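Student:
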Amino acid sequence: MNVDVYQLTKSFGRDEVLNGIDLDFRTGRVYGLVGRNGAGKTTLFNCLAGLEKHGGKVIAEGGILKDRLGFLQTEPYFPSKLTGREYLRLFCKARGVPDEGLDERNVFDLPLDRYAQQYSTGMKKKLGLLAILLQQNDFFILDEPFNGVDIHSALLITEIIRRLKSEKKTVLISSHIFSTLRDTCDVIHVLDGGKIMETIGQEDFERLEQDMTAFAVGNRLDVLRFS
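Read in full-length UniProt numbering, the sequence shown has 110 at position 110, and its numbers run on one by one without any break.
#1: What would DSSP say about Q136, mapped onto helix, strand or coil?
#2: V149 and G128: beta carbons closer than 8 Å?
#3: Run through the region 11-78 for me and flag every whole alpha helix (DSSP H) of 4 or more residues, listed as ranges in chain order.
#4: Just to confirm the assignment, what range does the beta strand (DSSP E) spanning S174 have?
#5: Decide yes or no for the touch test of the region 102-113 against the region 169-188: beta carbon pairs closer than 8 Å, at least 3 of them.
#6: Could you tell me the boundaries of the alpha helix (DSSP H) in which L112 lies?
#7: Going by other Cβ atoms of all chains shown within 10 Å of its Cβ, with 16 needed for buried, is Q118 buried or exposed?
#8: State whether the region 41-49 contacts the region 138-153, with contact taken as three or more CB pairs (one from each stretch) at a distance under 8 Å.
#9: In whole angstroms, what is the alpha-carbon distance linking L155 and A39?
#10: Which value, in whole angstroms, describes the spacing of the CA atoms of I196 and Q7?
#11: From the DSSP output, read off the bridge partner residues of I141.
#12: Pick helix, strand or coil for G84, following the three-state DSSP scheme.
#13: Can you grab the Cα-Cα spacing for the pair L44 / H54, in whole Å?
#14: With distances taken Cα to Cα, identify the nearest neighbour of T137 among D204, L65 and M212.
#15: Which of the three DSSP states, helix, strand or coil, is assigned to E198?
#16: With which residues is T184 paired in a DSSP beta bridge?
#17: Within 10 angstroms of its Cβ, does I200 collect 16 or more other Cβ (buried), or is it exposed?
#18: For Y6, which residues does DSSP report across the bridge?
#19: Straight-line CA distance for E167 to S174?
#20: Can you tell me which of K169, R14 and E209 puts its alpha carbon nearest to the alpha carbon of R26?
#21: Identify, in the order they occur along the chain, each residue of the same chain with its Cβ nearer than 6 Å to the Cβ of L172, setting aside the five sequence neighbours on each side.
#22: Among the residues of its own chain, which have a CB less than 6 Å from the CB of M1, if the five just before and after it don't count?
#23: Report the residue from D4, F215, Q135 and I151 whose alpha carbon sits nearest the alpha carbon of I59.
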């Protein structure tokens, strides 16, 4: 699914969070988004998902983006007294897709008959991801999909992202774990100061990681004494 973003802006009062974002997303590609805390990543995702009003345009091939979008938020919301199974059925119904065979499609081995609010952080993240996968969406936004999950689930999520790419889906990911982006992305966008400062191809991922490490660490550790 092709999506074009033109001069997207977003402010909260006098605080300008996004300033003239131009992006293009193409079918069968995986895009990463990196930036410091507060850089505006989640705000950008919310704007793309139609959860925030914004300036500029988001033009999706074949219709409205939110109608074909699977959005995994950093902290998915779960209504009280709703089991994992009921949550999945709710998401399937929202897209008009069959909800049969949930146990067979429960790739994360989640306890579907327990209340979702009782799940651990990692289990909630996996339930949220499974729900949008079952919807058969064309565009996926995954905001920190690896947060809180165990190593085996992280490996499975990595393979899911690769499978989405092979199925000609379009994926946009943010992650604080650079290796997860390096292993899955075709392109990484760097967001800073409300603008896209760089767009990096795979050939420059190593250089980007080095730059990020140098900025994050620098000589900060010199003030510590380890012995």
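In this text, a Cβ means the ideal position worked out from N, Cα and C, and glycines have one as well.
All values reported here derive from a predicted model rather than from experimental measurement.
Tutor: Taking the geometry as given:
#1: Note: Q136 maps to coil in three-state DSSP.
#2: No.
#3: 41-48
#4: Segment T170 to S174, the beta strand (DSSP E) holding S174.
#5: no
#6: No alpha helix (DSSP H) holds L112; DSSP gives it neither H nor E.
#7: So Q118 ends up on the exposed side.
#8: The answer is yes - the region 138-153 touches the region 41-49, with three or more Cβ pairs under 8 Å.
#9: 27 Å
#10: 11 Å
#11: F71 and L172
#12: helix
#13: Between L44 and H54, the C-alpha separation is close to 9 Å.
#14: Note that residue 137 corresponds to Asn in the displayed sequence, not to Thr. For N137, the nearest C-alpha among the options comes from L65.
#15: strand
#16: Answer is none; T184 lacks a bridge partner.
#17: buried
#18: K57
#19: 21 Å
#20: K169
#21: Y31 and I141
#22: T27, E61, D138, F139 and T170
#23: Closest by alpha carbon: D4.
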